[in-house]
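Below is one structure, written out as structure tokens; the observations come after it.
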């Protein structure tokens, strides 16, 4: 099946920046036809449940799925790995986790051959930056972009 040009997007992180800036922007671009399927990964099902209620009327896949999770507060710290594995071929991973959690998500996305957009900062340690850049050299077709939420005009849906 040919690619329709709509980019599948995975947002990793469900906190304030995701809720107020990243997710509204992604959903707006989906409405405009530029973004395809949207997924959101967070440590807790409770966060996904909240986001589904907050963005009522919009479709996205949540990791973990609060509809099947019995303990909404259970820690699923590695759930992003499954979400990245499930992301479509032309997918983009947006990393909007707490700063100290950026590097493992970035590395998993690069390993899976996905483009990556990271909410600033890229990482916290110089060695992590070197590790990321070395991985990108191996996967030469990958795009890595660090953004600040000031670069994105918040959209209200």
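In the numbering used here, the protein residues as written are 1 to 157.
For each residue, glycine too, the CB sits at the ideal point set by N, CA and C.
Residue 58 sits in coil when the DSSP states are folded into three classes, being neither helix nor strand.
When DSSP states are grouped into helix, strand and coil, residue 89 belongs to the coil group. In the structure shown, the three-state DSSP call for residue 53 is helix. Note: residue 39 is bridge-paired with 10, 61 in the DSSP secondary-structure output. The three-state secondary structure of residue 108, taken from DSSP, is helix.
Looking only at 88, 56, 49, the smallest Cα-Cα distance to residue 65 is reached by 49. Contact between residue 54 and residue 40 does not hold, since their C-beta atoms are separated by about 11 Å, which reaches or exceeds 8 Å. Around the CB of residue 110, 16 or more other CB atoms lie within 10 Å, so the residue is classed as buried.
Residue 139 and residue 86 have their C-alpha atoms some 19 Å from each other.
Judged by pairs of C-beta atoms under 8 Å, the segment 26-39 touches the segment 3-14, as three or more such pairs exist. For residue 117, the enclosing beta strand (DSSP E) begins and ends at 115-119. Within a 10 Å sphere around the beta-carbon of residue 24 sit 16 or more other beta-carbons, which makes this residue buried.
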